[in-house]
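For reference, the structure is listed below as structure tokens.
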Amino acid sequence: MWNLENEQFAELIINPTLTYYHRYFERAPVQTDRGLGWRNIWRRLQEDDAACLQLLRMSLPCFCSLCDTLQTSYGLQPT
Numbered sequence: 001m002w003n004l005e006n007e008q009f010a011e012l013i014i015n016p017t018l019t020y021y022h023r024y025f026e027r028a029p030v031q032t033d034r035g036l037g038w039r040n041i042w043r044r045l046q047e048d049d050a051a052c053l054q055l056l057r058m059s060l061p062c063f064c065s066l067c068d069t070l071q072t073s074y075g076l077q078p079t
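First residue of the sequence shown: 1, per the UniProt record's numbering; consecutive thereafter.
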């Protein structure tokens, strides 16, 4: 019952669909150590001014000032 038409259907429709699904819809495993990424970024920001400019597009004092303004004026909670 399996013929060339079915193989072409699989090749043209099913395989690209599965590839698309795996690329865009499959989820990564849940991260168990929450905050590790932010801690790594914060450490890089404090160690290197160039990294701060690259990651945030602003200097560290400017970023800290922004955080303070967001906390005092808009109720942002520190993490």
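All residues carry an ideal CB built from backbone N, CA and C; glycine is no exception.
Sub-9 Å separation of residue i and residue j beta-carbons
i	j	result
D49	S59	yes
L45	L36	no
P78	Q71	yes
Outcome for residue i when other beta-carbon atoms lying within 10 angstroms are tallied against a minimum of 16
i	result
L18	exposed
C64	exposed
Minimum Cβ-Cβ distance from residue i to chain D less than 9 Å
i	result
F63	Going by chain labels, chain D is absent from the structure shown, which holds only one protein chain.
(Q) At 4 residues or longer, what runs of the alpha helix (DSSP H) sit wholly inside the segment 18–69? (A) If we require 4 residues or more, the alpha helix (DSSP H) runs fully inside the segment 18–69 come out as 36–47, 49–56.
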